[in-house]
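Take a look at the structure set out below.
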Amino acid sequence: MSEAKIGIEYLSVGANRHTAGADWSENGLVAFGTDSNIALWQPNDDNVKGVGRILQGHTDAVKAVKFLPKLENETDSYLVSGGDDKSFKIWKIDENNSAACVKTVAEHTAPVNCIASLHSRQARQTHIFATGAADATVKIWRFENGEVTLLQTVKPSPKFFPLCLALSELSPQGEGIALAVAGTRNIVQVFVAESTPEPKFELQATLTGHEEWIRSLDFAFESSGESGDLILASASQDKYIRLWRFHQGKELPAAAAAGNDPTLGTFLPGKSPSNKAHRLQAGDKDYSITFEALLLGHDDWIYSAKWFNDAEGRTQLLSTSADNTLAIWEADPTSGIWVTTVRLGEISREKGATTATGSTGGFWTGLWSPNGQTVITLGRTGSWRRWDYNKEEINWVQKIGISGHVRSVTGISWSKNGEYLLSTSLDQTTRLHAKWKTGAGGKTWHEMARPQIHGYDLNCIDSIGSSQFVSGADEKLMRVFNEPKAVAKLLNRLCDIGDSQIDNLPDAANMPVLGLSNKAIEAVDDEQEIEAVNPEKDREALDPGSTVRKSVLEIDHPPFEDSLSRHTLWPEVEKLYGHGYELSSLAVSHDGTVIASACKASSLNHAVIRIFETEKWTEVRPPLAAHTLTATRLRFSSDDRYLLSVGRDRQWAVFARDTEDKLQYKPLQTNPKGHTRMILDAAWAPETESLVFATAGRDKQIKLWKKGASDDAIVLATSIPATHPVTAIDFLPRKDESGKFLLASGTEDGKVSVHIIEPETLAVVSSVVLESNLSLAKAVAQLSWRPNVAEKELAIAGEDASLRVYSLA
1 MSEAKIGIEY
11 LSVGANRHTA
21 GADWSENGLV
31 AFGTDSNIAL
41 WQPNDDNVKG
51 VGRILQGHTD
61 AVKAVKFLPK
71 LENETDSYLV
81 SGGDDKSFKI
91 WKIDENNSAA
101 CVKTVAEHTA
111 PVNCIASLHS
121 RQARQTHIFA
131 TGAADATVKI
141 WRFENGEVTL
151 LQTVKPSPKF
161 FPLCLALSEL
171 SPQGEGIALA
181 VAGTRNIVQV
191 FVAESTPEPK
201 FELQATLTGH
211 EEWIRSLDFA
221 FESSGESGDL
231 ILASASQDKY
241 IRLWRFHQGK
251 ELPAAAAAGN
261 DPTLGTFLPG
271 KSPSNKAHRL
281 QAGDKDYSIT
291 FEALLLGHDD
301 WIYSAKWFND
311 AEGRTQLLST
321 SADNTLAIWE
331 ADPTSGIWVT
341 TVRLGEISRE
351 KGATTATGST
361 GGFWTGLWSP
371 NGQTVITLGR
381 TGSWRRWDYN
391 KEEINWVQKI
401 GISGHVRSVT
411 GISWSKNGEY
421 LLSTSLDQTT
431 RLHAKWKTGA
441 GGKTWHEMAR
451 PQIHGYDLNC
461 IDSIGSSQFV
471 SGADEKLMRV
481 FNEPKAVAKL
491 LNRLCDIGDS
501 QIDNLPDAAN
511 MPVLGLSNKA
521 IEAVDDEQEI
531 EAVNPEKDRE
541 ALDPGSTVRK
551 SVLEIDHPPF
561 EDSLSRHTLW
571 PEVEKLYGHG
581 YELSSLAVSH
591 DGTVIASACK
601 ASSLNHAVIR
611 IFETEKWTEV
621 RPPLAAHTLT
631 ATRLRFSSDD
641 RYLLSVGRDR
651 QWAVFARDTE
661 DKLQYKPLQT
671 NPKGHTRMIL
681 DAAWAPETES
691 LVFATAGRDK
701 QIKLWKKGAS
711 DDAIVLATSI
721 PATHPVTAID
731 FLPRKDESGK
741 FLLASGTEDG
751 KVSVHIIEPE
761 TLAVVSSVVL
771 ESNLSLAKAV
781 AQLSWRPNVA
791 EKELAIAGED
801 ASLRVYSLA
């Protein structure tokens with residue numbers, strides 16, 4: 001085992017919702033912030049594998065990432081990332097996408113919100129970049145030979161917090177550098193410096209016209225030639241994009257000299273765009289800034305605007321908005337007026353709320369691929385959507401993106417036959433993950449359904465058989481869900497999961513506009529009209545935006561994000577009441593007949609374990625009493641003869657199944673001093689004649705217990721020390737090839753270990769700690785080995801919002 005090969009089968013993470021939180025490199029690699037990590041993804045990878053690597057190092061949320069443009073003779077890429085930990089890091093990424101942090105700088109006194117890098121058409125020997133932070137400063141840096149030098153600190157005046165930056169040379173010949181800064185005011189400040197190894201920036205223009213905060217800035221040259229003007233795009237919460245022209249020479253550009261298109265004034269009564277010229281100087285060169293165009297078309301806040309210059313000399317602008325659309329803009333060749341040539345996203349009367357705080361929440365950023373043939377956009381759910389340009393049909397086609405949780409993953413559960421994995425999270429969603437048989441003959445993991453979208457943070461989950469599960473949340477009840485026909489067919493077709501005999505299942509599920517319970521519904525024909533609803537008159541009215549049409553899941557690929565969030569819900573079939581506080585833990589017996597559950601408790605009467613039977617969904621009384629505080633984990637033994645519970649009161653308890661009444665469990669033994677601090681997890685050893693289980697706690701100990709030969713008492717057999725509190729453990733549900741137990745453990749600092757244990761003596765034969773690049777940035781929330789498969793696959797849920805599946809060979 002010391003030579004164990006660990007393979008990454010699946011990495012699922014959601015992106016942080018920040019405009020500056022993602023970037024696409026010249027090599028085709030996308031980096032984005034996810035909690036305190038950075039995920040690396042190749043959207044145009046033929047294997048459709050999703051996230052390939054997760055970089056950890058930041059101690060708080062990552063808000064900004066930016067690739068530095070490659071210099072001459074550079075083979076490696078460099079990535080700059082900044083976040084709420086007030087620092088930025090520089091990562092070196094080689095051709096195999098292996099990454100290492102080469103520098104950490106903590107000069108800012110507040111979170112780093114945005115980063116801009118200087119692209120140049122001239123050969124440069126050094127990297128110049130800027131960082132903007134919530135300390136109301138912008139710092140200019142030089143990165144050379146592995147060393148970072150602070151060149152200047154710029155303080156915008158009047159004071160505001162920078163939310164976006166843009167850096168560019170003022171002319172294609174590299175004469176002068178412009179730095180645009182904007183954020184929590186309605187102005188754009190332009191600083192100018194000479195093109196020297198140590199540029200010094202001076203404020204030379206303040207651009208007015210926007211009416212709200214500005215979220216995005218981007219520079220581009222108008223053409224690929226030597227004479228093109230520099231154009232700045234500024235995107236604002238006022239729903240408009242403004243374009244500004246930087247022109248070399250004392251003469252104003254023709255359009256500005258003649259006055260802008262007078263029709264623009266008709267869009268904003270009393271607010272005709274100003275064509276005032278701002279004068280700049282860089283060395284002995286003169287420049288002017290004039291207002292170029294006002295882009296109207298979005299209905300809500302605009303979060304990002306990004307330029308792309310294609311090989312044919314066209315300049316295109318990609319914008320994303322809280323109105324749930326992204327648009328591509330081009331200047332009309334004859335009139336020069338900027339128009340929307342492409343609009344993607346959810347342009348539908350069925351989409352529901354569209355405000356920035358509404359149910360859909362819009363798109364937070366958009367990125368171009370290096371060749372301009374692909375665009376990706378980040379939505380409220382932390383998922384990336386992707387569109388590829390189809391040259392034959394001259395249109396944009398949606399392709400497979402990636403998705404993941406955006407807050408701590410609190411619970412995971414394999415279906416009882418091991419065919420798919422369920423995960424649940426504080427982001428109030430339950431997600432179903434499975435392996436897709438790709439057309440190329442391979443298999444890759446994807447999110448295949450989103451069975452539950454809830455109004456409460458979800459805490460625990462377990463599957464009941466192969467097509468049903470129960471979950472518990474920050475509410476006093478549990479909810480039971482059945483698989484709908486649409487999802488069953490999808491899993492059967494794409495993943496070879498389940499039986500195609502599913503006629504008795506409901507078609508699909510839908511959620512009432514003002515409710516939490518998913519209702520079973522029938523799918524409708526594609527042509528059928530859907531009437532709008534008024535939730536004030538009918539609380540049970542179904543949201544027309546999540547109506548399921550019959551064709552929507554008849555697809556040959558994993559569902560896209562818009563289908564996942566609307567059409568893959570599972571109908572709720574039962575609620576289980578009885579607890580007085582929020583659910584903390586639940587477990588389903590392997591035969592599917594019994595559910596055990598516990599809630600958060602600070603007193604004896606609430607710390608009970610309640611048992612529910614799954615035939616009529618009634619509570620089996622009396623509840624099981626053993627703990628005085630919250631029970632943190634419940635586990636049934638593999639043959640369901642025993643129920644194990646552990647709690648914050650430092651004790652464990654074992655209950656034995658009644659031989660006559662299979663629904664009743666009776667106390668067998670408790671240990672009030674099982675650990676010296678609270679016990680956080682427990683697991684049963686597999687296939688044992690005698691009773692063997694493990695407990696793990698905040699006292700940095702894993703303890704193995706077994707039934708003694710003499711008096712049937714359960715005694716401590718082995719202790720395994722750890723360096724940090726042990727937050728999660730799980731036994732492989734069978735013995736390995738050599739007849740040993742495999743016990744995986746996860747700690748509060750994110751380390752995952754696998755221990756090989758001798759079944760007879762419970763002595764530890766060896767232990768292997770997974771490499772640091774495979775560990776988590778925060779505590780391991782839960783571990784679960786995949787049952788009923790030949791491979792050793794371990795699912796890992798993390799407080800860093802990551803869900804991972806590793807294979808051991």
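Residue numbers (full-length UniProt numbering): 1 to 809.
Glycine included, C-beta positions come from ideal geometry on N, C-alpha and C.
**Asked** DSSP state of S81, grouped into three classes?
**Response** The residue given as residue 81 occupies position 81 in the sequence shown. Here S81 sits in strand by DSSP.
**Prompt:** Of all the options Q281, N482, F469, E147, which has the alpha carbon lying nearest to the alpha carbon of K519?
**Reply:** Here residue 519 refers to the residue found at position 519 when the sequence shown is read from its first residue. Per the Cα distances, N482.
**Message:** Tell me the residue span of the beta strand (DSSP E) that contains R621.
**Reply:** On the sequence shown, residue 621 is found 621 positions in, with the first residue counted as 1. Counting along the chain, the beta strand (DSSP E) containing R621 begins and ends at 619-624.
**Prompt:** What are the boundary residues of the alpha helix (DSSP H) that includes R493?
**Reply:** Locating residue 493 in the sequence shown gives position 493, counting from the first residue. 485-495 is the extent of the alpha helix (DSSP H) around R493.
**Request:** Could you tell me whether the Cβ atoms of L230 and A166 are closer together than 8 Å?
**Result:** Residue 230 sits at position 230 when you count from the first residue of the sequence shown. Residue 166 sits at position 166 when you count from the first residue of the sequence shown. Not closer than 8 Å, so no.
**Request:** Could you tell me which residues DSSP puts in a beta bridge with P506?
**Result:** Indexing the sequence shown from 1 puts residue 506 at position 506. DSSP output for P506 lists no bridge partner at all.
**Prompt:** Taking the beta strand (DSSP E) that L326 falls in, what are its first and last residues?
**Reply:** If you number the sequence shown from 1, residue 326 lands on position 326. First-last of the beta strand (DSSP E) with L326: 325-331.
**Request:** Between the Cα of D730 and those of G739, H210, A717, T747, spot the shortest distance and give me the residue it belongs to.
**Result:** For this step, residue 730 is matched to residue 730 along the sequence shown. When each option's Cα is compared against that of D730, the closest is T747.
**Request:** Pull up the distance between the alpha-carbon of Y581 and that of H606, whole angstroms please.
**Result:** Your numbering for residue 581 matches position 581 in the sequence shown. Your numbering for residue 606 matches position 606 in the sequence shown. Cα-Cα distance, rounded: 8 Å.
**Asked** Terminal residues of the continuous alpha helix (DSSP H) containing R566?
**Response** In the sequence shown, residue 566 corresponds to position 566, counting from 1. Taken as a continuous stretch (DSSP letters only), the alpha helix (DSSP H) holding R566 covers 561-567.
**Prompt:** Excluding sequence positions up to five away, which residues of its chain have a Cβ less than 7 Å from the Cβ of Q49?
**Reply:** Position 49 of the sequence shown, counting from 1, holds the residue named residue 49. Sequence check: residue 49 is Lys here, not Gln. The residues are T444.
**Request:** Return the chain-ordered list of same chain residues with a C-beta closer than 6 Å to the C-beta of S12, the five sequence neighbours on each side being excluded.
**Result:** Here residue 12 is taken as the residue at index 12 of the sequence shown, counted from 1. The answer, listed in chain order, is G404, L803.
**Prompt:** By how many angstroms is the C-alpha of D35 removed from the C-alpha of E799?
**Reply:** Within the sequence shown, the letter at position 799 stands for residue 799. Within the sequence shown, the letter at position 35 stands for residue 35. Roughly 9 Å between the two C-alpha positions.
**Request:** Would you tell me roughly how many angstroms separate the C-alpha atoms of T149 and T131, rounded to the nearest one?
**Result:** The residue you call residue 149 lines up with position 149 of the sequence shown. The residue you call residue 131 lines up with position 131 of the sequence shown. One C-alpha to the other measures close to 13 Å.
**Message:** For G228 and L344, what's the separation of their Cα atoms in angstroms?
**Reply:** The residue given as residue 228 occupies position 228 in the sequence shown. The residue given as residue 344 occupies position 344 in the sequence shown. Computed Cα separation, rounded: 29 Å.
**Limits of the unbroken beta strand (DSSP E) element including K706** = Looking up residue 706 in the sequence shown gives position 706. Counting along the chain, the beta strand (DSSP E) containing K706 begins and ends at 701-707.
**Prompt:** For V533, does the three-state DSSP call read helix, strand or coil?
**Reply:** For the purposes of this step, residue 533 is taken as the residue at position 533 of the sequence shown. Residue placement at V533 cannot be trusted, given a pLDDT of 49 that sits under 50; what the coordinates show is reported in the next sentence. V533 falls in the coil class under three-state DSSP.
**Message:** On a Cα-Cα basis, can you pick out the residue from G57, K63, D135, A136 that is closest to K103?
**Reply:** Locating residue 103 in the sequence shown gives position 103, where the first residue counts as 1. Checking every option, the nearest Cα to that of K103 belongs to G57.
**Within the stretch 97-170, ranges of the beta strand (DSSP E) (whole runs, at least 3 residues)** = 99-105, 112-117, 127-133, 137-144, 147-154, 162-169
**Request:** Could you say which of K662, F129, A254, L569 lies nearest to D507 if we only look at CA atoms?
**Result:** Position 507 of the sequence shown holds residue 507. Comparing Cα-Cα distances from D507 to each of K662, F129, A254, L569, the minimum goes to L569.
**Prompt:** If we call anything under 8 Å between Cβ atoms a contact, is G209 one with S195?
**Reply:** Looking up residue 209 in the sequence shown gives position 209. Looking up residue 195 in the sequence shown gives position 195. Not closer than 8 Å, so no.
**Asked** To the nearest whole angstrom, what separates the beta carbons of S425 and T410, a pair I think is in contact under 8 Å?
**Response** The residue labelled residue 425 in the question sits at position 425 within the sequence shown. The residue labelled residue 410 in the question sits at position 410 within the sequence shown. Correct: roughly 6 Å between the Cβ atoms.
**Asked** So, helix, strand or coil for L774, using DSSP?
**Response** Here the question's residue 774 lines up with position 774 in the sequence shown. Of the three classes helix, strand and coil, the one that applies to L774 here is helix, per DSSP.
**Message:** Can you tell me whether A801 is buried or exposed? The criterion is at least 16 other CB atoms within 10 Å of its CB, across all chains shown.
**Reply:** Looking up residue 801 in the sequence shown gives position 801. Answer is buried; the Cβ neighbour count reaches 16.
**Request:** Report the partner residues of R648 according to the DSSP bridge assignment.
**Result:** Taking the first residue of the sequence shown as position 1, residue 648 is located at position 648. Answer is none; R648 lacks a bridge partner.
**Message:** Closest to S369 by C-alpha separation, out of F363, T377, S463, would be which residue?
**Reply:** Counting from 1 along the sequence shown, the entry for residue 369 is found at position 369. Ranking F363, T377, S463 by Cα distance to S369 puts T377 first.
**Prompt:** Hey, quick one: how far does the beta strand (DSSP E) through M448 stretch, first residue to last?
**Reply:** For the purposes of this step, residue 448 is taken as the residue at position 448 of the sequence shown. Taken as a continuous stretch (DSSP letters only), the beta strand (DSSP E) holding M448 covers 443-453.
**Request:** With a 10 Å radius around its C-beta and 16 neighbouring C-beta atoms as the bar for buried, classify I93 as buried or exposed.
**Result:** On the sequence shown, residue 93 is found 93 positions in, with the first residue counted as 1. Counting Cβ neighbours within 10 Å, I93 comes out buried, since at least 16 surround it.
**Request:** Using the Cα positions of I756 and S81, report the straight-line distance between them to the nearest angstrom.
**Result:** Taking the sequence shown and counting its residues from 1, the one referred to as residue 756 is at position 756. Taking the sequence shown and counting its residues from 1, the one referred to as residue 81 is at position 81. Approximately 39 Å between the Cα atoms of the pair.
**Asked** On the premise that V51 lies in contact with G21, defined as a C-beta separation below 8 Å, what is that separation, rounded to the nearest angstrom?
**Response** For the purposes of this step, residue 21 is identified with residue 21 of the sequence shown, where counting begins at 1. For the purposes of this step, residue 51 is identified with residue 51 of the sequence shown, where counting begins at 1. In fact, because the Cβ distance is near 15 Å, the residues do not count as touching under 8 Å.
**Request:** Rounded to whole angstroms, what's the CA-CA distance from R610 to C599? Just pull it up for me.
**Result:** Here residue 610 refers to the residue found at position 610 when the sequence shown is read from its first residue. Here residue 599 refers to the residue found at position 599 when the sequence shown is read from its first residue. Going by the C-alpha atoms only, they are around 9 Å apart.
**Message:** As a quick exercise: from K89, E613, D299, pick the residue whose alpha carbon is nearest that of I464.
**Reply:** As a position in the sequence shown, residue 464 is number 464, starting the count at 1. Comparing Cα-Cα distances from I464 to each of K89, E613, D299, the minimum goes to E613.
**Message:** Whole angstroms are fine: how far does the CA of L794 sit from the CA of L808?
**Reply:** Here residue 808 refers to the residue found at position 808 of the sequence shown. Here residue 794 refers to the residue found at position 794 of the sequence shown. Rounded to the nearest angstrom, the two C-alpha atoms are 8 Å apart.
**Prompt:** Is there contact here, the stretch 62-71 with the stretch 39-49, by at least three beta-carbon pairs under 8 Å?
**Reply:** no
**Asked** What separation, rounded to the nearest whole angstrom, lies between the Cα atoms of A205 and R185?
**Response** The sequence position of residue 205 within the sequence shown is 205, counting from 1. The sequence position of residue 185 within the sequence shown is 185, counting from 1. Cα-Cα distance, rounded: 15 Å.
**Request:** Could you give the DSSP three-state label for S807: helix, strand or coil?
**Result:** Counted from its first residue, the sequence shown places residue 807 at position 807. In the structure shown, S807 sits in a strand (DSSP, three-state: E or B).
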